[in-house]
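So in this note's numbering, spot 136 of the sequence shown is number 136, and the numbers just go up one at a time. Glycine included, C-beta positions come from ideal geometry on N, C-alpha and C.
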Amino acid sequence: MSSDLRRRLGTAWEAAWNRGDTDALDRLLAPGYTRHGRTEQTRDDLKAGIRACREGMPDLRTVIDDYVADGDRLAVRWHSSGTHTGFLLGTPATGRRLTVSGATFSRVEDGTIAEEWVTWDPRQMLHALGVIPLDSGFEHLGGKAVTA
């Protein structure tokens, strides 16, 4: 990955996630950008999602913990933290401070990010907000080990 793309990634993420300047993503994401997940999102969808997160956590801070690049692929490990003072993920303000972490995997084309796949655990956030208990997901097995 070029040092220019690395610099632009850091600058755009800082502006969008930490200050709410989502237009900064226009210099980083390709015009036909797609974010893959439960549903596909466009660049404008991503911007709207960031704005919604910042409405729920105006002091949101996202930090890039690690970058790894190989050819046209990029992996970014990150964490975000903030105080839940507004509506977020269907939950009214709790005043709780929370931190979540995740990873973003990207395909780079002509110096911009064309596609992304993001992985994070929304249950971690909902647990931090006091909405759900966080369990291993295996409680239905009665605490017994499972072997294949």
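Taking one beta carbon from each stretch, the segment 36 to 44 and the segment 62 to 70 have fewer than 3 pairs nearer than 8 Å; the two do not touch. Sequence-distant Cβ neighbours of residue 34 in its own chain, meaning closer than 6 Å and more than five residues away, are 40 and 115.
Scanning the segment 12 to 70 from its first residue to its last, the whole alpha helix (DSSP H) runs of 4-plus residues come out as 43 to 56. Using a Cβ-Cβ distance cut-off of 8 Å, the segment 71 to 89 and the segment 44 to 60 are in contact, since at least three pairs of beta carbons, one from each stretch, lie closer than that value. Judged by DSSP secondary structure, residue 123 falls within the alpha helix (DSSP H) whose first and last residues are 122 to 128. The bridge partners DSSP lists for residue 2 come to none. Shown here for residue 12: same chain residues with a beta carbon closer than 7 Å to its own, the five before and five after excluded, namely 24, 25, 27 and 28 in chain order. Taking C-beta atoms as the reference points, residue 102 and residue 73 fail to come closer than 9 Å. Residue burial annotation: residue 22 is buried, with at least 16 other C-beta atoms found within 10 angstroms of its C-beta. When rounded, the separation of the alpha-carbon atoms in residue 54 and residue 95 is 14 Å. Taking a C-beta distance under 9 Å as the contact criterion, residue 82 and residue 51 do not qualify as a contact pair.
For residue 99, the enclosing beta strand (DSSP E) stretches over residues 97 to 109. Residue 86 carries a coil assignment under DSSP once its states are collapsed to helix, strand and coil.
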